[in-house]
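Student:
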Amino acid sequence: MNYLASIGSYFIMIMEVFKKPTKWSVMKTLILKEIDELVYNSMGIIIFISFFIGGVVSIQTALNITNPLIPRNLIGFATRQSVILEFAPTFTSIIMAGKVGSYITSSIGTMRVTEQIDALEIMGVNSLNYLVFPKIIAMLLYPFVIAIAMYVGIFGGWTAGVFGGFSSSADFVEGLQLDFIPFHVTYSFIKAMVFALIIATIPSFHGYYMKGGALEVGKASTTSFVWTSVVIIIVNYVLTQLLLG
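0 is the number of the first residue of the sequence shown in numbering that gives the first Met the number 0; add one for each residue after it.
#1: Among Ile121, Trp157, Gly211, Val229, which residue has its Cα nearest to the Cα of Thr60?
#2: Taking C-beta to C-beta, are Ser57 and Ile74 nearer than 8 Å?
#3: Report the CB separation of Phe171 from Val161 in whole angstroms; it is logged as a contact under 8 Å.
#4: Tell me whether the segment 83 to 91 and the segment 29 to 36 touch, counting them as touching only if at least three CB pairs, one residue from each stretch, are closer than 8 Å.
#5: So Leu139 packs on Ile107, CB below 8 Å; how close in whole Å?
#6: Give the range of the alpha helix (DSSP H) segment to which Ile116 is assigned.
#7: Our contact map puts Met122 next to Ser41 with C-beta atoms below 8 Å; I'd like the distance itself, whole angstroms only.
#8: Looking only at its own chain, which residues have a Cβ that is under 6 Å from the Cβ of Phe50, when we skip the five neighbours before and after it?
#9: Classify Trp226: buried if its beta carbon has 16 or more other beta carbons within 10 angstroms, exposed otherwise.
#10: Starting from Ile52, follow the alpha helix (DSSP H) in both directions and report where the run begins and ends.
#11: Assuming Tyr236 is part of the alpha helix (DSSP H), what are its boundary residues?
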């Protein structure tokens with residue numbers, strides 16, 4: 000019953016976010032701040048991880064091609080499919096759930112502990128709109144992050160495959176172009192948008208409704224990461240079944 004109550008509270012929170020909006024002059028500043036914190040500051044770790052994930056996929060594919068009849072362009076094909084379909088949207092989102100989600104939960108949770116949220120409510124401000132709405136808008140840029148993760152991941156695969164001596168550049172590029180389905184990129188961006196909403200709202204929920212002191216802020220951050228990751232994995236399965244099944 001506690002889980003059902005929490006799910007209900009979560010959807011009620013999302014509805015409250017869009018009620019009684021904060022005036023645009025204030026909201027604009029908040030959105031730009033959240034874009035810097037949630038998106039721009041995450042680019043470094045996303046690029047670093049994507050590059051090496053692409054390289055690892057390329058190397059593992061090459062090492063498992065033991066039959067000489069299998070063409071070497073399969074390395075580029077496997078790297079493209081793995082990065083675009085799964086690693087870029089899903090693996091990146093779980094990393095973002097840890098980095099961005101923990102930041103959101105701890106920042107909102109600290110405001111709850113120090114009674115800053117109560118002060119906003121007393122001033123007649125819709126605290127949910129003030130705190131959560133800018134994060135949702137900022138995360139609309141998340142598909143841009145996923146696009147960069149795709150490019151860097153494939154580039155990492157090309158670098159590892161070519162400079163590691165596993166494939167020629169021509170074979171790898173031929174594999175990238177082999178049986179390419181444009182909808183797979185659209186599918187990844189659809190997943191990215193849904194994951195962006197999850198990453199922006201579930202950690203906000205855990206931070207906003209937490210109770211206790213500084214110790215509970217840390218516990219709430221851990222809980223929000225776990226539940227955000229679980230929901231991302233479940234939604235990933237559902238979307239894959241709906242869009243590709």
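Using N, Cα and C, we set each Cβ at its ideal position, and we do this for glycine too.
Tutor: The relevant details are as follows:
#1: Trp157
#2: Contact flag set, yes.
#3: 6 Å
#4: no
#5: With 8 Å as the limit, Leu139 and Ile107 do not qualify as a contact, their Cβ atoms being about 19 Å apart.
#6: 115 to 121
#7: Rounded to whole angstroms, the Cβ separation of Met122 and Ser41 is 31 Å, and the two are not in contact under 8 Å.
#8: Val151, Gly155
#9: buried
#10: Where Ile52 is concerned, the enclosing alpha helix (DSSP H) stretches over 42 to 62.
#11: 213 to 243
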